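Asks: Read left to right, the sequence shown gives residues 157 to 585 (our numbering). Before I ask anything, here is the structure I am working with.
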Amino acid sequence: MIARDGYLQQLISKKENGLVKVITGTRRCGKSYLLFEIYRRYLNSIGVDDEHIIGLALDDDENIRFRNPLQLGKYIRSLIIDKEKMYYVFLDEIQKVKTIKNPYLEDGGDDVGFVDVLLGLMKIKNIDIYVTGSNSKMLSSDVLTEFRGRGDEVRVYPLTFAEFSSAYDGNKNDAWMEYHTYGGMPFILSLKDHRSKSQYLKSLFENIYLKDILERHRIQNIALLDDLLDVLSSAIGSLSNPKRIADTFKTVKHINIDEATVSRYVDYLMDSFLLNKAKRFDVKGRKYIGSPIKYYYTDIGLRNARLNFRQTEESHIMENIIYNELLVRGFSVDVGVVEYNYKDQDGRSKKTNLEIDFVANDGSRRYYIQSALTVGEEEKRLQEIRPYLRVADSFKKIIVVKDNIIPWYDENGVMYVGIEKFLMDPSMM
Numbered sequence: 157m158i159a160r161d162g163y164l165q166q167l168i169s170k171k172e173n174g175l176v177k178v179i180t181g182t183r184r185c186g187k188s189y190l191l192f193e194i195y196r197r198y199l200n201s202i203g204v205d206d207e208h209i210i211g212l213a214l215d216d217d218e219n220i221r222f223r224n225p226l227q228l229g230k231y232i233r234s235l236i237i238d239k240e241k242m243y244y245v246f247l248d249e250i251q252k253v254k255t256i257k258n259p260y261l262e263d264g265g266d267d268v269g270f271v272d273v274l275l276g277l278m279k280i281k282n283i284d285i286y287v288t289g290s291n292s293k294m295l296s297s298d299v300l301t302e303f304r305g306r307g308d309e310v311r312v313y314p315l316t317f318a319e320f321s322s323a324y325d326g327n328k329n330d331a332w333m334e335y336h337t338y339g340g341m342p343f344i345l346s347l348k349d350h351r352s353k354s355q356y357l358k359s360l361f362e363n364i365y366l367k368d369i370l371e372r373h374r375i376q377n378i379a380l381l382d383d384l385l386d387v388l389s390s391a392i393g394s395l396s397n398p399k400r401i402a403d404t405f406k407t408v409k410h411i412n413i414d415e416a417t418v419s420r421y422v423d424y425l426m427d428s429f430l431l432n433k434a435k436r437f438d439v440k441g442r443k444y445i446g447s448p449i450k451y452y453y454t455d456i457g458l459r460n461a462r463l464n465f466r467q468t469e470e471s472h473i474m475e476n477i478i479y480n481e482l483l484v485r486g487f488s489v490d491v492g493v494v495e496y497n498y499k500d501q502d503g504r505s506k507k508t509n510l511e512i513d514f515v516a517n518d519g520s521r522r523y524y525i526q527s528a529l530t531v532g533e534e535e536k537r538l539q540e541i542r543p544y545l546r547v548a549d550s551f552k553k554i555i556v557v558k559d560n561i562i563p564w565y566d567e568n569g570v571m572y573v574g575i576e577k578f579l580m581d582p583s584m585m
C-alpha cells in the first residue's frame, strides 16, 4: 500500500464536520483507493466496524440501479439501523447518478439528481458522507455551489515523486528517470517494461479521458481536439493563450479556428483534470496581468504518452513536475513577472519583463522558484537569479537544478537544490 498521508490527514481533519466531502481528481489517480482502502483502514483502526461503513462503487455494473437518485437515497436510508452510532457513506464516481424527472409530480416538476439525494442524507445526524468524482465541472464548481457551503473538496493528484519512490521496485537511482518518463499514475508501478507502460498510458488517454470528454460535451470535430492536444502537449511551460493557439492553427496547420472554440476546448480539458494553468502575476505591482498564461499536465506520463515519448526534454518536464508538486503541497501557483527598467547604450530608457517560473503562495507564505537543468556556468547562474535581484522582499528564493547537489546559498541568499532533494524533502521550502 502506498501511503498517501497528506490526503489521509485531510480526510481525518474533515471527519464528521457536517459537510459532504467531495474527493476530486483525474481518473485512475487513486481516489477510490484512498477512500475505500486507506481511509477505511483508518476508520477500522479507531473502532468503526464494517457495518457502519456503507460503500458503493457507482461505476460498477452491479450497482447500476443506484444510478437512479431515488433508489440510491432509499437504499442508503435502509442501512441506517443503529440510531446511536455514526455511519460513514462512501459513494464512488457520484457523477454516474442520473438526473431524472420528479416522478411524484404530474408535470415532472424540478429534476432530481444526486445533489438532492446528498442534501437529503445530510439531514440525518448520524451520517458522514464522502463522494468521489472525475469531473470538475460537475463537482468542484457547480455542485459545491449548489451545496451552498455544505461541500468540502479534497483534490487528489497522481503520485508525487516521493510517493512513487517509496513504492518503486528497482534501483532507486532509476526512480527519477522512470517518474519523469511515465509519471505518477499508481498502476504504472505494477508494469515492468516500456511497452506495457506506454500502452497503458495511451489507452488511458484515448479510452478514458478523450472518450469521456467527447461524450460529455458532444464534440463532433474530433480531429480538432486531437490537434489541440498535440499543440498543448508540445508547449507545456510556454506562454500561450487561446488566441496564440488559434494563430498557430492558422499559420502552421492552415486551419481556421476561432479563439472562442479553442478556449472552450481548453476548458473541457481542464474540467477533466488533464490540464492546469498558471496565470502571470506582476510581483512588484502585486496584480495579475492576464494573458498569456502557461498550461501544465496533471500527470507528465500522460503528456509524454500523448507525444509517443518523442519529446522528453527534461527542462520542460522538470518544470511541469515542480508545478504539480507545489499544488500537492497546497500552494496556489503563478508565473512571476518582474518589470525591469534600464538604459540602453545610447542612454535611452527601456523597459523589459523578467520571468520567475513560479510564485508559490499559501496564506502568508510565499516562495519564488526557478527551474533550471544546471547553473554550472556563472553566466547561466546569473541569468537565473536576475529576476530575483529585482524583487524587493525577503521571501525565500530557490533555484531547482537537475544535478544531485548538496543544497547551498549564494551571497544573495538564493538557495540551490537538486530536483530529487526538492521533491523528496518539503523542508527545502
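Backbone N, C-alpha and C fix where the C-beta goes; we use that ideal spot for every residue, glycine too. All values reported here derive from a predicted model rather than from experimental measurement.
May I ask which residues mark the beginning and end of the alpha helix (DSSP H) holding SER234?
Replies: 225-235
Asks: Quick check: the Cα distance between LYS450 and TYR260, rounded to an integer number of angstroms?
Replies: 49 Å
Asks: Pick from LEU199, ASN282 and LEU315: whose alpha carbon is nearest that of LEU235?
Replies: ASN282
Asks: Excluding the 5 residues preceding and the 5 following GLU475 in the sequence, name in chain order all residues of the same chain whose CB lies nearer than 7 Å to its CB.
Replies: GLY393, ASP513 and SER527
Asks: Quick check: what's the CA-CA separation for LEU380 versus ILE411?
Replies: 9 Å
Asks: Give the single residue among ILE575, THR508, LEU579 and THR530 whose Cα lies nearest to the Cα of ARG546.
Replies: THR508
Asks: For TYR195, name the three-state secondary structure that DSSP assigns.
Replies: helix
Asks: Assess, as a yes-or-no matter, whether the region 390-409 is touched by the region 339-353 under the definition of 3 or more beta carbon pairs within less than 8 Å.
Replies: no
Asks: Looking only at its own chain, which residues have a Cβ that is under 8 Å from the Cβ of MET584, when we skip the five neighbours before and after it?
Replies: ILE554, PRO563, MET571, VAL573, LYS577 and PHE578
Asks: Using only the alpha-carbon positions, how far apart do LYS241 and GLY186 sit?
Replies: 29 Å
Asks: Using a Cβ-Cβ cut-off of 8 Å (strictly less than) and excluding sequence neighbours within five positions of THR530, which residues of its own chain qualify?
Replies: LYS536, VAL557, LYS558 and ASP559
Asks: Tell me which residue opens and which closes the alpha helix (DSSP H) that ASN476 is part of.
Replies: 470-484
Asks: Could you check which residue in ASP217, GLY307, LYS239 and SER396 has the C-alpha nearest to that of VAL143?
Replies: Beyond the ends of the chain as shown, which are 157 and 585, falls residue 143; an answer cannot be given.
Asks: Count the other CB atoms within 10 Å of the CB of GLN501; is the residue buried (16 or more) or exposed (fewer)?
Replies: exposed
Asks: State buried or exposed for MET157, treating a residue as buried only when at least 16 other CB atoms are found within 10 Å of its CB.
Replies: exposed
Asks: Less than 6 Å between C-beta atoms, sequence neighbours within five positions excluded: which residues of the same chain meet that for LEU388?
Replies: The residues are TYR451.
Asks: Could you have a look at PHE497 and say whether DSSP puts it in helix, strand or coil?
Replies: It is Asn, not Phe, that sits at residue 497 in the sequence shown. Strand.
Asks: Can you tell me which of GLU371, ILE364, LEU510 and PRO582 puts its alpha carbon nearest to the alpha carbon of LYS440?
Replies: LEU510
Asks: For the candidate residues MET278, GLU362 and LEU212, whose alpha-carbon lies nearest to that of ASN464?
Replies: Taking only the C-alpha atoms, the option nearest ASN464 is GLU362.
Asks: Answer with buried or exposed for ALA548, where buried requires no fewer than 16 other C-beta atoms within 10 angstroms of its C-beta.
Replies: exposed
Asks: Return the CA-CA distance between ARG160 and GLU319, expressed in angstroms with no decimal places.
Replies: For ARG160 and GLU319, the gap between their C-alpha atoms comes out near 7 Å.
Asks: Rounded to whole angstroms, what's the CA-CA distance from LEU330 to VAL268? Just pull it up for me.
Replies: A small correction: the amino acid at residue 330 is Asp; Leu does not occupy that position in the sequence shown. Those two C-alpha atoms are separated by around 52 Å.
Asks: When you compare only the Cα positions, how much space is there between GLU193 and LEU199?
Replies: 10 Å
Asks: For GLU172, count neighbouring C-beta atoms within 10 Å of its own C-beta (all shown protein chains included) and say buried if the count is 16 or more, exposed if not.
Replies: exposed
Asks: Express the C-alpha separation of GLU218 and PHE429 in angstroms, rounding to a whole number.
Replies: 27 Å
Asks: Ignore the nearest five residues each way along the sequence and tell me which others in TYR324's own chain have a CB closer than 6 Å to its CB.
Replies: Within the same chain, TYR324 has close Cβ partners ALA331.
Asks: Use the C-beta contact count for SER346: other C-beta atoms within 10 angstroms, 16 or more gives buried, fewer gives exposed.
Replies: By the C-beta density criterion, SER346 is exposed, having fewer than 16 other C-beta atoms within 10 angstroms.
Asks: Give the straight-line distance between the Cα atoms of LYS358 and ARG459, rounded to the nearest whole angstrom.
Replies: 10 Å
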